[in-house]
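**Q** In the numbering used here, the protein residues as written are 19 to 81.
From the three backbone atoms N, C-alpha and C, an ideal C-beta is built for every residue, glycine too.
Sharing a structure below in structure tokens format, with a few things to ask.
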């Protein structure tokens, strides 16, 4: 369990965005809703990510 917590907190912004995108997409959310949610979640992380636009988030996920 400790390893899981450490892995969660050591994720880069890009890793977090890709993982959460996959999780939210699996729940049936559309990209529009996913990117809006990610934009809300990122500042609340332990080490807050810089503010990213929907376009920047899309580029992280799709390259």
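Fully enclosed by the stretch 42-76, which alpha helix (DSSP H) runs are 4 residues long or longer?
**A** 49-59
**Q** From 30, 19, 22, 36, pick the residue whose C-alpha is nearest to that of residue 79; which is it?
**A** Put simply, of 30, 19, 22, 36 the residue whose alpha carbon is nearest the alpha carbon of residue 79 is 36.
**Q** Quick check on the burial criterion: 16 or more other C-beta atoms within 10 angstroms. Buried or exposed for residue 27?
**A** Around the Cβ of residue 27, a 10 Å sphere holds fewer than 16 other Cβ atoms; the residue is exposed.
**Q** At the level of alpha carbons, what is the spacing between residue 43 and residue 61?
**A** 21 Å
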